[in-house]
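Residue numbers (our numbering): 18 to 139. Where is the CB? At the ideal position from N, CA and C, for every residue including glycine. Notes follow the structure.
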Amino acid sequence: MDLLVLIAKAADVCLKPWSHAVVLIDPSAPERLDDLHVRIETRDGDGQRHPEHDLELEIYRSGEEINLMLSWWDQPDRPMLWHGRHPVWMDGESGQRCAAPQDAAPLEALGRRLRALVQPTD
């Protein structure tokens with residue numbers, strides 16, 4: 018199954034009641050598991066877009082590990098989630114570690130699901 022479809026399905030499961038589509042930030046870039054930059058677009062049950070709930074996802078390789086960054090699209094004042102071996106919340110502007118926001122649980126669930134999807138098993 019297409020990686021972008023798998024990401025959208027994971028978002029659908031973790032970020033209910035929204036439906037999601039995944040769009041490449043740079044459509045000319047190859048769709049690679051260890052170097053991917055996408056926007057996760059949000060719609061309600063009637064198909065209406067809700068861009069205030071859109072997310073940005075970056076997946077990248079660091080050594081043997083595949084890490085990911087999840088942040089709210091075009092909302093640098095909101096914290097972002099780095100997920101490697103464990104989740105770390107960071108200030109969206111300074112990059113300094115910070116406390117998780119009130120609505121962190123669904124995003125952390127999505128981070129865990131996506132990391133399990135992309136991290137090769139030994």
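On the criterion of 16 or more Cβ atoms from any shown chain inside 10 Å, does residue i qualify as buried, or is it exposed?
i: V22; result: exposed
i: R78; result: exposed
i: S88; result: buried
i: I83; result: buried
i: R114; result: exposed
Between which two residues does the alpha helix (DSSP H) harbouring residue i extend?
i: E125; result: A121 to V135
Considering only residues of the same chain and omitting the five flanking positions on each side of residue i, which have a CB-CB separation below 6 Å?
i: I24; result: V39
Identify the residues that DSSP records as bridge partners of residue i: which are they?
i: V40; result: R56
i: P96; result: In the DSSP output, where bridge partners are listed per residue, P96 has none listed.
i: E82; result: S79
i: S88; result: E73
What span of residues does the beta strand (DSSP E) with residue i cover, start to end?
i: L32; result: Element bounds for L32: n/a, residue is neither H nor E.
i: R78; result: L72 to S79
i: P104; result: P104 to M107
Within 9 Å (strictly less), CB to CB, does residue i reach chain E?
i: L127; result: Although the question refers to chain E, the structure presented lacks it and comprises just one protein chain.
(request) Examine the Cβ distances between the segment 106 to 115 and the segment 80 to 98 and report whether three or more of them are shorter than 8 Å. (result) yes
(request) May I ask you to verify whether the segment 28 to 40 touches the segment 59 to 77, counting CB pairs closer than 8 Å and requiring at least 3? (result) yes
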